[in-house]
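A.B. asks: This is the structure I have questions about; it appears just below.
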Amino acid sequence: MSHRNLVVLTGAGISAESGVPTFRASDGLWCGRRVEDVATPEGYAADPALVQDFYNQRRRQLAEVQPNAAHRALAELAARWAGGFLLVTQNVDDLHDRAHEETPPAAGFELIHMHGELLKARCTRSGVVTGWAGDMTADQPSPHHPDGVMRPHIVWFGETPLQMERIQRALAACDLFVSIGTSGAVYPAAGFVQAARHSGARTVEINLQPTSGARLFDEGAYGPATEAVPAFFDTL
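Rendered as structure tokens:
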């Protein structure tokens, strides 16, 4: 079967084998912290020092991990894909970016971090986003506005994911949608498969095991991402 327009959604499961902690553990904590304390606007307003320290630690951890075979399989596919290819990741790490630096993509490729990026910061007054690899203090002065401070460029609970209009246009035009390493339980990403089905696309779930939404997909491939992802894309 020939496909022209591809949309791939990735979640924490694709980076887990690289050593990146999944977003929320079975005890409801993220790296030992309540999600409400470190991943909501209210948590940031209540204790900006705690939140900044939390993301400073996450940023430092990125230096200790590398892209794995699943990230590289997507980068290799992007390099040879002749049509439109939108890769949407819910992950805030930079492992997709690094994999595509190693294997530059073809012209039709685009990467969207819908939940933001650890290695970027945003001015609270101007909204300007800039690269930021180092630590940030609780009251980190903004170079973009005299009354602004810099906060992590992360989409917290209660905030709108990034570039949703662009993502919806791609889903409406795609003929193949692949969901990798995501539970499919958090909206709006959980609704992507239904949008793709509405456009008539072939839909595929790749995960460690079937998710609660597996019935919405035409087919599934299950196992570790470093094995299942390269195996599936080798068939295209």
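In my numbering, each residue carries its 1-based index in the sequence shown increased by 1000. Every residue, glycine too, gets a C-beta built ideally from N, C-alpha and C. This structure is a prediction, so every number in the text was calculated from the model and none was measured.
Inspect the CB distances between the region 1037-1054 and the region 1200-1212 and report whether three or more fall short of 8 Å.
C.D. replies: Contact between the region 1037-1054 and the region 1200-1212 is absent, because fewer than three Cβ pairs lie under 8 Å.
A.B. asks: Below 8 Å, how does it come out for the region 1133-1141 and the region 1070-1079: are there three or more Cβ pairs, yes or no?
C.D. replies: With the cut-off at 8 Å, the region 1133-1141 and the region 1070-1079 do not touch.
A.B. asks: Can you tell me which of the three DSSP states residue 1109 falls into?
C.D. replies: Strand.
A.B. asks: Look at residue 1077 and residue 1192 and say whether their C-beta atoms are less than 7 Å apart.
C.D. replies: No, Cβ-Cβ distance for residue 1077 and residue 1192 is not below 7 Å.
A.B. asks: State yes or no: is the C-beta of residue 1086 within less than 7 Å of the C-beta of residue 1020?
C.D. replies: Taking 7 Å as the Cβ cut-off, residue 1086 and residue 1020 do not qualify as a contacting pair.
A.B. asks: Using the DSSP secondary-structure output, state which residues sit across from residue 1211 in a beta bridge.
C.D. replies: Partner(s): none; residue 1211 has no beta bridge.
A.B. asks: Go to residue 1056, then tell me how far its alpha helix (DSSP H) extends in each direction, as first and last residue.
C.D. replies: 1048-1061 is the span of the alpha helix (DSSP H), which, as asked, contains residue 1056.
A.B. asks: Would you mind sorting residue 1141 into buried or exposed? The rule is 16 or more other CB atoms within 10 Å of its CB.
C.D. replies: Label assigned to residue 1141: exposed.
A.B. asks: Could you give the DSSP three-state label for residue 1136: helix, strand or coil?
C.D. replies: Coil.
A.B. asks: Determine the extent of the alpha helix (DSSP H) in which residue 1035 is found, giving its start and end residues.
C.D. replies: Start and end: 1035-1038.
A.B. asks: Let me make sure I understand the geometry here. Which of 1189, 1014, 1037 has the alpha-carbon closest to that of residue 1162?
C.D. replies: For residue 1162, the nearest C-alpha among the options comes from 1189.
A.B. asks: Contact check, residue 1124 vs residue 1148 under 8 Å by CB: the rounded distance?
C.D. replies: Contact flag correct, Cβ pair sits at about 5 Å.
A.B. asks: With 16 other CB atoms within 10 Å as the buried threshold, where does residue 1150 fall?
C.D. replies: Residue 1150 comes out buried.
A.B. asks: Between the Cα of residue 1118 and those of 1054, 1145, 1170, 1179, spot the shortest distance and give me the residue it belongs to.
C.D. replies: It is 1054 whose Cα lies nearest to the Cα of residue 1118.
A.B. asks: To the nearest angstrom, how far is it from the Cα of residue 1182 to the Cα of residue 1211?
C.D. replies: Rounded to whole angstroms, residue 1182 to residue 1211 spans 8 Å at the Cα level.
A.B. asks: Are the Cβ atoms of residue 1138 and residue 1066 separated by less than 7 Å?
C.D. replies: No; because the gap between Cβ atoms is not below 7 Å, this pair is not in contact.
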